[in-house]
Every structure is written in structure tokens, then in C-alpha cells.
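Working notes, structure below.
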Amino acid sequence: MPEPEFINQRGSFKVIFYNGEGKSDTVEGKSDTVEGKSDTVEGKSDTVHKYEFEILEYCKEARSKKEIMAYLNMNSSSYVSRKILIPLIQKGKLQYTNPNKNAKNQKYISMLEKLD
Numbered sequence: 220m221p222e223p224e225f226i227n228q229r230g231s232f233k234v235i236f237y238n239g240e241g242k243s244d245t246v247e248g249k250s251d252t253v254e255g256k257s258d259t260v261e262g263k264s265d266t267v268h269k270y271e272f273e274i275l276e277y278c279k280e281a282r283s284k285k286e287i288m289a290y291l292n293m294n295s296s297s298y299v300s301r302k303i304l305i306p307l308i309q310k311g312k313l314q315y316t317n318p319n320k321n322a323k324n325q326k327y328i329s330m331l332e333k334l335d
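Residue numbers for the sequence shown follow this note's numbering, beginning at 220 and rising by one.
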């Protein structure tokens, strides 16, 4: 049976199993391997920690999402929002400059000095 393919990309984890002739015992053994890999990936998927200090330093001056995306060299607006900005806002480390969180001209500012 061909080996499964493990893909870890942008905080998500994907496993591809290929068809082949094999015993069910082998498949169960592979399943255990997949669970172990998944647990490992979950521990590493917290993207916020990876970029937290960089973003908080960069956002000492109010920055737009596009500016932050360019700074991080990322293209996905939704990924940056869901995985990085919103968790920092929820932790109280980043703040909206406009009370309307969906405002077109929304910017983000670091609360770094206020936390010290």
C-alpha cells in the first residue's frame, strides 16, 4: 500500500490516502500514525505566537490589514484576520482604531506599551 501524504499548510493539516491492496491491520496502523501527526500539527498551528511580537511592534503605529499582509508577505486577507489579527484582539494585545470592526478604513494598533 502506498504511503499516505501529509500536508501542513497555513495552519491546516491534510492527509491523502492512496488506494492499494493491503490488510485492514495495516490501515489501522496508518490511522494511528495519522492521529499522532495530527496532534503534532495542532501544537504547531498556533500562528499567533509565530507573528505576535512582529505584528505588535509593527502596529505601534496604526496599520491597515493590507499593510500588515504586505509586512508578513501574505496574500490571504481572511487567513490574516482569522488566524492572526482576531486572536490578538481577543487577547487585548491589538485594538481596532474604528469602533465599527467592519469599517472600510479599519486600522489596527498595538496595545504593547499599555500592557507593560
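Virtual Cβ for every residue (Gly too), placed ideally from N, Cα, C.
Q: Could you work out which residue in S295, K312, M220 is closest to E271 when comparing CA atoms only?
A: The shortest C-alpha to C-alpha distance from E271 to any of S295, K312, M220 is the one to K312.
(Q) Check this for me: beta carbons of L304 and Y327, under 8 angstroms apart or not? (A) For the pair L304 and Y327, the CB atoms are nearer than the 8 angstroms cut-off.
**Q.** K279 burial status per 10 Å Cβ neighbour count (16 or more: buried)
**A.** Counting the other CB atoms within 10 Å of its CB gives K279 a total below 16, which places it among the exposed residues.
Q.
At the level of alpha carbons, what is the spacing between K284 and I308?
A. 13 angstroms
Q) What is the residue span of the alpha helix (DSSP H) that Y298 lies within? A) 296 to 299
Q) How would you call R301, buried or exposed, if buried means at least 16 neighbouring beta carbons within 10 angstroms? A) exposed
Q.
Looking only at its chain, what residues have a beta carbon closer than 6 angstroms to the beta carbon of K331, apart from the 5 residues adjacent to it on each side?
A. The question names Lys, but residue 331 in the sequence shown is Leu. Cβ-Cβ distances below 6 angstroms link L331 to L275 in the same chain, with the five nearest sequence neighbours on each side left out; the list follows chain order.
Q. Relative to the C-alpha of M220, which residue among G230, Q228, S231, I235 is closest?
A. I235
Q: Out of S329, K310, S297, point me to the one whose CA is closest to N321's CA.
A: The shortest Cα separation from N321 among S329, K310, S297 belongs to S297.
**Q.** Neighbour-count burial assignment, S188, 16 or more Cβ in a 10 Å radius
**A.** Not covered by the structure: residue 188. The range shown for the chain is 220 to 335.
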